[in-house]
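Residue numbers (the working numbering): 22 to 317.
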């Protein structure tokens, strides 16, 4: 047995690089699968923990036209708090330098978001802009045009004073700012802008915070048929969880497949290398057998 170990050790000194390659191929493949699995588990936990923040409410009702009062009042009378956001795209203008930019205008009413935190500069700008003829402007937009709080921004026919810059808001991805930076205005000035007309593409959103212990899915269930007939879409925390899990689940499956293929290719490479190695050692084995070495 000691002779076999000595022979193996002596042979390994001449083939350390090849041996390291064998071990590395298997190790990297297993590590990739483990990392993907760990990533998927952590991502699922993060989705469960941040789902309310991503939605900003317990229930979101959205449509391309104002929702019927009969449906909204059904949730209002159940004790739910409501906030409204009217979304549309429009050009904005900065009188200070004449700059214009396509932006997403969000007219806000209520305490949206009910979950999650705004980040703005000044710190309280996300609260104070709602009280007057003022706007909260995306940080990237202000940076692009060299605008500061206190300057003006024109939205349609209305000139707003810029209360502050928006750094982040719940449920909004950072990449969205580069495509269409957002400008928040109080909803009471929406009609004065003159931008909501027949044929305008507008998205109406109604955010609800349910009373403690209330189940949003159970409250929506008896209203589903009526809401579908009214052309309304809705999303709850649980449905948002499912949709996000499904999307990232597909991504995780793809990564698992990539990791498995990497491991499989590594195994095939190792098998081929081992086959060549054994073939090279056949003369040595034959000599040892002739000298009386055992076949076992």
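Cβ coordinates follow ideal geometry from the N, Cα and C atoms, glycine included.
Please report the Cβ distance between residue i and residue j, rounded to the nearest whole angstrom; I am assuming they are in contact, meaning their Cβ atoms lie under 8 Å.
{"i": "residue 124", "j": "residue 113", "result": "5 Å"}
{"i": "residue 137", "j": "residue 157", "result": "Not quite, the Cβ-Cβ distance comes to about 15 Å (not below 8 Å), so this is no contact."}
{"i": "residue 181", "j": "residue 206", "result": "6 Å"}
{"i": "residue 53", "j": "residue 225", "result": "Their Cβ separation, rounded to whole angstroms, is 46 Å, which puts residue 53 and residue 225 out of contact at 8 Å."}
{"i": "residue 221", "j": "residue 109", "result": "6 Å"}
{"i": "residue 273", "j": "residue 61", "result": "4 Å"}
{"i": "residue 68", "j": "residue 200", "result": "At roughly 24 Å, the Cβ-Cβ gap does not stay under 8 Å, so residue 68 and residue 200 are not in contact."}
{"i": "residue 43", "j": "residue 294", "result": "7 Å"}
{"i": "residue 64", "j": "residue 269", "result": "6 Å"}
{"i": "residue 126", "j": "residue 204", "result": "5 Å"}
{"i": "residue 202", "j": "residue 162", "result": "4 Å"}
Tell me which residues share the same chain as residue i and place their Cβ nearer than 6 Å to its Cβ, disregarding the 5 neighbours each side in the sequence.
{"i": "residue 104", "result": "131, 132, 133 and 228"}
{"i": "residue 284", "result": "50"}
{"i": "residue 128", "result": "107, 206, 208 and 211"}
{"i": "residue 80", "result": "229, 237 and 257"}
{"i": "residue 216", "result": "111 and 177"}
{"i": "residue 170", "result": "183 and 185"}
{"i": "residue 120", "result": "166"}
{"i": "residue 190", "result": "139"}
{"i": "residue 87", "result": "225"}
{"i": "residue 232", "result": "100"}
Under 7 Å Cβ to Cβ from residue i, same chain only, skipping five residues before and after it: list those, please.
{"i": "residue 188", "result": "140, 141, 142 and 160"}
{"i": "residue 76", "result": "192, 256, 258 and 261"}
{"i": "residue 73", "result": "136 and 258"}
{"i": "residue 149", "result": "184"}
{"i": "residue 89", "result": "251"}
Can we count residue i as close to the ligand HEM, meaning its CB is less than 7 Å from some heavy atom?
{"i": "residue 186", "result": "The ligand HEM is not part of the structure shown, which contains no ligands of any sort."}
According to DSSP, which residues form a beta bridge with residue i?
{"i": "residue 158", "result": "186 and 204"}
{"i": "residue 108", "result": "127 and 224"}
{"i": "residue 257", "result": "80"}
{"i": "residue 96", "result": "Per DSSP, none; premise fails for residue 96."}
{"i": "residue 181", "result": "174"}
{"i": "residue 113", "result": "122 and 176"}
Any Cβ of chain C within less than 8 Å of the Cβ of residue i?
{"i": "residue 273", "result": "Going by chain labels, chain C is absent from the structure shown, which holds only one protein chain."}
Could you have a look at residue i and say whether DSSP puts it in helix, strand or coil?
{"i": "residue 139", "result": "coil"}
{"i": "residue 267", "result": "helix"}
{"i": "residue 226", "result": "strand"}
{"i": "residue 328", "result": "Any property of residue 328 remains undetermined from this structure, which presents the chain solely from 22 to 317."}
{"i": "residue 120", "result": "strand"}
{"i": "residue 151", "result": "helix"}
{"i": "residue 144", "result": "coil"}
{"i": "residue 133", "result": "coil"}
{"i": "residue 231", "result": "coil"}
{"i": "residue 174", "result": "strand"}
{"i": "residue 169", "result": "coil"}
{"i": "residue 40", "result": "helix"}
{"i": "residue 58", "result": "helix"}
{"i": "residue 47", "result": "helix"}
{"i": "residue 237", "result": "helix"}
{"i": "residue 196", "result": "Unreliable positioning characterises residue 196 in this predicted model, as indicated by a pLDDT of 49, which lies under 50. The coordinate reading is nonetheless provided below. Here residue 196 sits in helix by DSSP."}
{"i": "residue 250", "result": "helix"}
{"i": "residue 304", "result": "helix"}
{"i": "residue 215", "result": "coil"}
{"i": "residue 273", "result": "helix"}
{"i": "residue 313", "result": "coil"}
{"i": "residue 87", "result": "coil"}
{"i": "residue 243", "result": "helix"}
Beta-carbon within less than 8 Å of residue i's beta-carbon, same chain only, minus the 5 sequence neighbours each way: which residues are those?
{"i": "residue 92", "result": "82, 244, 247, 248, 251 and 253"}
{"i": "residue 46", "result": "287, 288, 290 and 291"}
{"i": "residue 196", "result": "Reliability fails at residue 196, whose pLDDT of 49 lies under 50, so the model's placement of it is uncertain and the value that follows must be treated cautiously. Within the same chain, residue 196 has no close Cβ partners at all."}
{"i": "residue 307", "result": "none"}
{"i": "residue 152", "result": "207"}
{"i": "residue 48", "result": "none"}
The segment 57-64 contacting the segment 260-279, beta-carbon criterion three pairs below 8 Å
yes
So does the segment 161-179 actually touch the segment 94-104, counting three or more Cβ pairs closer than 8 Å?
no
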